[in-house]
Amino acid sequence: MMFPLARNILRSLKIRSIQQVRARQSHRKHSPDFHDKYGNALLVSGTTFCVVAWIFTTTQIGIKWNLSPVGRVTPKEWNDK
33 MMFPLARNIL RSLKIRSIQQ VRARQSHRKH SPDFHDKYGN ALLVSGTTFC
83 VVAWIFTTTQ IGIKWNLSPV GRVTPKEWND K
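All residue numbers for the sequence shown refer to our numbering, where the first residue is 33 and numbers rise by one.
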């Protein structure tokens with residue numbers, strides 16, 4: 033009962049699949065837009081900025097990163113009082 037109803041509702045919504053959209057877009061003349069012109073440059077510059085910011089943060093601002101104390105900590109003498 034619900035399956036035919038849901039199928040009819042989905043058909044009436046005029047939802048196009050990704051394949052249909054890509055096929056339709058490939059038939060028209062494509063003029064470059066902002067993303068075509070500058071997309072890769074923005075991705076590269078954003079990635080570079082984030083990497084440099086994290087390198088600076090991890091190396092220059094003096095955060096104690098709570099590294100493993102193995103080999104640096106010696107146990108105290110036990111008191112049996």
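Every residue gets a Cβ at the ideal spot worked out from N, C-alpha and C, and that includes glycine.
All figures in this text were calculated on a predicted structure; none of them were measured in a lab.
Coarse secondary structure for residue i, derived from DSSP in three states
| i | result |
| --- | --- |
| T90 | helix |
| L99 | coil |
| K69 | helix |
| S63 | coil |
| T80 | helix |
| P36 | helix |
| R104 | coil |
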